[in-house]
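**Q** What the sequence shown shows, in mature numbering (1 follows the signal peptide of the UniProt record, and there is no 0), is residues -29 to -1, 1 to 560, in sequence order.
Take this structure, written in C-alpha cells, and hold onto it; I'll ask about it next.
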Amino acid sequence: MKPLSVSRATRALCALASAVALLDGRALAAQGPAKATATKATGGAQWLTRPERTDFAETSRYDEVIAYMKQMAAVNPNIHLTTYGYTTEGRPLPLAVIGAPGATAAQVLATNKTRVYIQGNIHAGEVEGKEALLWLLRSIAKGERNAWLKTTVLLINPIYNADGNERVAVTNRGSQAGPVGGMGTRENALGLDLNRDGTKMETAEARSMASLLTRYQPHVAMDLHTTDGSSTSGFNMTYETSLNPNNSKAQMSLLRDVLLPEITKNVKAKHGSDWFYYGGVSGTGDQRAWRSDAELAKPRYTSTYYGVRNILGLLTETYSYASFKTRITETYWFLEESLGYVASHGETVRDVVAKANAESIIGQQLAVRQQLVKAPALQKIVFAPTISVRNPYVADRPYRLRPDGLGDANVTSEMLPFYGTAEPTETTLAPRAWVVPMTAAPTAAAAPAPAPGGVGGTRGGAAGTPTQRMMATVIDRLEAHGIRYSVTTADQPFSGDRFKIATNTLETREYQGTHKGRTLTGAWEATEQTLPAGSLVIPMDQPLARLTFILMDPRSDDGFMWWNLLDAVLGQSPAPAYFPVLRSMNAVR
Ligand SMILES: [Zn+2]
C-alpha cells in the first residue's frame, strides 16, 4: 500500500507541476515564437502517460485519463472537451472534439467536415486503444496533426468502459503480455459485455454511444481491442469491418478494397509490420484456412453496429502476445494511417455515407442469417513464435510473449484460403413499414409474462397489458437507437403481412445477464385488419433502415425478438399464434 500512496502523491505533484508549466507555455505562446512554446510546453515528464512512466508495467486510470485530456486541452485551444453520457456507475464519458469551433454537435455538424468517432477500452483489459488515443491527443496538442483538422473533426473517447477500467487485477487477462501491473475487466459494472449491446441497448454506456452517433453523425467510427490470443499469428495488428451482408456495398468496397489495403501497404513500408484481417487459422488439410468470425455479422458487435448505421466502421484487434508497448504503438500507427487516409479523402468518405443514408432498401431481399465465404485468392498469412514468460505477480500462470526486436528473423509465412466476408444463408423482404398493433385488451387466459431479460430487467415496463408493456420496451429501444417512429391517433385499415409462428423456442443457457435467445420459425401471410389507435409505426424510408430491419424481423438472428425484448407478448402461455409485429409494403401513417 505504501509505495502506491507515494506514487499517487508523486502523480499529484506531477499534475501540479504540469499545470504550472502549461500556464507558462500559454503565456509564452501569446508573447514569443511558437517554436519556443512547443519545446517548453511539450517537453518534460508531465507529458508522459502512465505506461511510459512505468516502463509499460501499468495502464492509466480513469482520473488520469480525464486529467491528461484536460492537460492537452489546456495547451491547445483546438481541443474541446465535453461529456456525452454516463457509465452505469455514473462516471461521465469524456469526449475530446477537435477540428470544430466547440464541442457541441451543432458546432461539429456546421463545419461540414468529415466526422470520425474513436473509442478505446470497450473491453477494459484491452487497454492499448486507451493509451494510443492519449498519445494521439498529445500529438494533436503539439500541433502535429493540423493538416488533418482542415478536413476532419475528431471525436475521441479513450475510455468507453470506464467502470471496467477501474476494476484492476493482475489476473484479468490470462496469458496476455501485460501490462503486468494489472488491467480492468472485460465487462461493465453490471457484468455485461458492451460489445454485445449494439442491438439490445441495455447498458448506460451503449445508450450513451448510440446517442452520440445520432447527435454527431460520424462518417467513420473505430472500436479498439486486443485479441484473446489463440494462434501463433505474426500479425501484431488485425482489423475488421462490419461483416453484415446488408451493408452498403459502396461502403464495404471503400473500406475493404481501398482504405485497408492502402494503410496495410503503408505501414509495411514505414515500419515493416504485417497487418491483416481479424481471425485465426483453423481446420486441417484442405480445410486449413484463415477465418474471421461469422458472429461478427451481428450488430450486437459495436463495429458491425456502426456498419448497419451506414457509418464506415472499423474494429482493431492487436495481438495479445505482442508486448504492451508494441500493442500501443501499432494501434497508434493504425490511427495515424487510417486518419491520414480519411483526412485526405474526405469528399469520397462523406459521399459514400450520404449515399448509403439516402439509398432505399424497401422491397429488397435482405439477410437475416449468414455464413462466411471463401475469398477467390489465397492470402499470405504470417506466423511468429511466442515464448512463455514467468509472471512475477501471478503464481503458476506464465504469459505468452512475442519478443520485440526480432524483426523478420523468426517469421514464417503460408499461402492460405481466407474466409473473410459473409453472405446470406436466408433472406427476407425489407418492407416499407413495420407496425405493432395496439391490441385493445389482454388475452383472457394470458399468464403474466416475464419482463424482458438482462440484469435488472425485471424493472422494465411493469404496468399495463402485455402489448402495452412490450410496446413501451420497443419504444424505449427505438429512441435509444435514434430510430424514427410514430403512434397512430385513430383506427385505420391495414393491409400487409403477418407472421404465423410455427415454432417458438428459447436457448437453454442464459447469455449476457438473463437473456435466453429466442428463435421463431413460421411464414408470412397476407392480412387485412383494422389497426387500432395507439399502434406503433416504424417507417423504413429513414437512414437507419438497415438497422431497423435487423431489429424488427422475426427471423433475424440479432433482433428485439431474439433478445427477449418482445417477451411480454411472445413469452405468454399459451404462446401467441402470430408475431406481434406486422409488415407492409404500403405507407402507414
Ligand atoms: Zn475486445
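In this text, a Cβ means the ideal position worked out from N, Cα and C, and glycines have one as well.
(1) Tell me whether Ile93 counts as near ligand 1, meaning its Cβ is closer than 8 Å to at least one heavy atom of that ligand.
(2) Closer than 8 Å to a non-hydrogen atom of ligand 1 - does that hold for the CB of Gly197?
(3) Any heavy atom of ligand 1 closer than 8 Å to the CB of Arg157?
(4) Where are the alpha helix (DSSP H) runs, 4 residues long or more, that stay fully inside the segment 227 to 275, in chain order?
(5) For the putative contact between Tyr370 and Asn381, defined by C-beta atoms under 8 Å, what is the C-beta separation to the nearest angstrom?
(6) With burial defined as no fewer than 16 other Cβ atoms inside 10 Å of the residue's Cβ, what is the status of Asp379: buried or exposed?
(7) What three-state label does DSSP hand Ile299 in the structure shown?
(8) Under the rule that 16 or more other beta-carbon atoms within 10 Å means buried, what is Ile234, buried or exposed?
(9) Looking at Phe465 and Pro525, is the spacing between their C-beta atoms short of 9 Å?
(10) Could you check where the beta strand (DSSP E) with residue 576 kicks off and where it finishes?
(11) Which of helix, strand or coil does DSSP assign to Ala401?
(12) Pull up the distance between the alpha-carbon of Trp119 and that of Gly311, whole angstroms please.
(13) Mind checking whether Ile69 and Ile127 have CB atoms under 9 Å apart?
(14) Does the distance from the C-beta atom of Leu537 to that of Arg489 stay below 9 Å?
(15) Does DSSP put Tyr456 in a helix, a strand or coil?
(16) Using DSSP with H/G/I as helix, E/B as strand and the rest coil, what is Ile93?
(17) Quick one, which of Thr289, Gln222, Trp261, Thr300 has its alpha-carbon nearest Val279's?
(18) Three-state secondary structure (DSSP) at Pro129?
(19) Express the C-alpha separation of Val559 and Leu387 in angstroms, rounding to a whole number.
(20) Only counting the same chain, and skipping five residues up and downstream in sequence, which positions put a Cβ closer than 7 Å to that of Tyr292?
(21) Just to confirm, does residue 562 get its C-beta within under 8 Å of one of the non-hydrogen atoms of ligand 1?
(22) Please work out which residues of its chain come closer than 7 Å, Cβ to Cβ, to Arg368, disregarding the five sequence neighbours upstream and downstream, and give them in chain order.
(23) Residues in its own chain within less than 8 Å of Val445 by CB, not counting five upstream and five downstream?
(24) Out of Glu496, Glu29, Tyr277, which one is the CA nearest neighbour of Asp194?
(25) Label Ser331 either buried or exposed according to how many other C-beta atoms from any shown protein chain fall within 10 Å of its C-beta, with 16 as the threshold for buried.
(26) Between Asn166 and ligand 1, is there a pair consisting of the residue's CB and a ligand heavy atom that are separated by less than 8 Å?
(27) How do the segment 238 to 258 and the segment 206 to 226 stand: do at least 3 beta-carbon pairs fall below 8 Å, yes or no?
(28) Is the CB-CB distance between Thr197 and Glu115 below 9 Å?
(29) List the DSSP bridge partners of residue 569.
(30) Ligand 1 and Glu97: does the residue's C-beta get closer than 8 Å to at least one heavy atom of that ligand?
(31) Excluding the 5 residues flanking Gly61 on each side, which residues of the same chain have their C-beta closer than 7 Å to its C-beta?
(32) Between the alpha carbons of Met441 and Thr58, how many angstroms are there, rounded?
(33) Could you pull out every residue in the same chain whose Cβ sits closer than 7 Å to the Cβ of Thr142, ignoring the five residues on either side in sequence?
(34) With hydrogens ignored, establish whether the beta-carbon of residue 616 is closer than 8 Å to any heavy atom of ligand 1.
(35) State the DSSP-derived secondary structure class of Gln188, mapped to helix, strand or coil.
**A** Considering the structure as presented:
(1) By one-based count along the sequence shown, residue 93 stands at place 122. Yes, ligand 1 has a heavy atom inside 8 Å of this Cβ.
(2) In the sequence shown, residue 197 corresponds to position 226, counting from 1. Position check: residue 197 holds Thr in this sequence, whereas Gly was assumed. Yes - ligand 1 has a heavy atom lying nearer than 8 Å to the Cβ of Thr197.
(3) Stepping through the sequence shown from its first residue, residue 157 is reached at position 186. Arg157: yes, Cβ under 8 Å from ligand 1.
(4) 231 to 242
(5) By one-based count along the sequence shown, residue 370 stands at place 399. By one-based count along the sequence shown, residue 381 stands at place 410. Actually they do not touch by this definition, with Cβ atoms about 18 Å apart.
(6) The residue you call residue 379 lines up with position 408 of the sequence shown. Classification of Asp379: exposed, given that the 10 Å Cβ count is below 16.
(7) Within the sequence shown, residue 299 is the residue found at index 328, counting from 1. Ile299: helix per DSSP, three-state reduction.
(8) Here residue 234 corresponds to residue number 263 of the sequence shown, with the count starting at 1. Classification for Ile234: buried.
(9) As a position in the sequence shown, residue 525 is number 554, starting the count at 1. As a position in the sequence shown, residue 465 is number 494, starting the count at 1. Taking 9 Å as the Cβ cut-off, Pro525 and Phe465 do not qualify as a contacting pair.
(10) An answer regarding residue 576 cannot be provided, because it is not within the stretch -29 to 560 covered by the chain.
(11) The residue labelled residue 401 in the question sits at position 430 within the sequence shown. It is coil, neither helix nor strand.
(12) Position 148 of the sequence shown, counted from the start, is the residue given in the question as residue 119. Position 340 of the sequence shown, counted from the start, is the residue given in the question as residue 311. Each residue's alpha carbon lies about 7 Å from the other.
(13) By one-based count along the sequence shown, residue 69 stands at place 98. By one-based count along the sequence shown, residue 127 stands at place 156. Their beta carbons are under 9 Å apart, which means Ile69 touches Ile127 by this criterion.
(14) On the sequence shown, residue 537 is found 566 positions in, with the first residue counted as 1. On the sequence shown, residue 489 is found 518 positions in, with the first residue counted as 1. The answer is yes: Cβ separation under 9 Å.
(15) Taking the first residue of the sequence shown as position 1, residue 456 is located at position 485. It is coil, neither helix nor strand.
(16) Translated into the one-based positions of the sequence shown, residue 93 becomes position 122. Residue state, collapsed to three classes: coil.
(17) Indexing the sequence shown from 1 puts residue 279 at position 308. Out of Thr289, Gln222, Trp261, Thr300, Gln222 has the C-alpha closest to the C-alpha of Val279.
(18) Translated into positions along the sequence shown, residue 129 becomes position 158. Coil.
(19) On the sequence shown, position 416 is the one that residue 387 refers to. On the sequence shown, position 588 is the one that residue 559 refers to. C-alpha separation (whole angstroms): 51 Å.
(20) Translated into positions along the sequence shown, residue 292 becomes position 321. Counting only Cβ-Cβ distances below 7 Å, and skipping sequence neighbours, we find Ala148, Gly200, Thr357, Arg371, Leu372, Arg373.
(21) Outside the displayed span of the chain (-29 to 560) sits residue 562, for which this structure offers no information.
(22) Locating residue 368 in the sequence shown gives position 397, counting from the first residue. Closer than 7 Å at Cβ, skipping near neighbours: Asn362.
(23) On the sequence shown, position 474 is the one that residue 445 refers to. For Val445, where only same-chain residues beyond five positions count, the Cβ hits under 8 Å are Val407, Leu507, Phe531, Leu536, Leu537.
(24) Here residue 194 refers to the residue found at position 223 when the sequence shown is read from its first residue. For the residues Glu496, Glu29, Tyr277, the minimum Cα distance to Asp194 belongs to Tyr277.
(25) Position 360 of the sequence shown holds residue 331. Per the 10 Å Cβ criterion, exposed.
(26) For the purposes of this step, residue 166 is taken as the residue at position 195 of the sequence shown. Yes - ligand 1 has a heavy atom lying nearer than 8 Å to the Cβ of Asn166.
(27) yes
(28) Taking the sequence shown and counting its residues from 1, the one referred to as residue 197 is at position 226. Taking the sequence shown and counting its residues from 1, the one referred to as residue 115 is at position 144. Against a cut-off of 9 Å, the Cβ pair of Glu115 and Thr197 comes out as no contact.
(29) Residue 569 is absent from the structure shown; the chain starts at -29 and stops at 560.
(30) Along the sequence shown, one-based indexing puts residue 97 at 126. At least one heavy atom of ligand 1 is nearer than 8 Å to the Cβ of Glu97, so yes.
(31) Indexing the sequence shown from 1 puts residue 61 at position 90. Answer for Gly61: no residue qualifies.
(32) The residue given as residue 441 occupies position 470 in the sequence shown. The residue given as residue 58 occupies position 87 in the sequence shown. Computed Cα separation, rounded: 26 Å.
(33) On the sequence shown, position 171 is the one that residue 142 refers to. The answer, listed in chain order, is Val365.
(34) Not covered by the structure: residue 616. The range shown for the chain is -29 to 560.
(35) Numbered from 1 along the sequence shown, position 217 holds the residue referred to as residue 188. Of the three classes helix, strand and coil, the one that applies to Gln188 here is coil, per DSSP.
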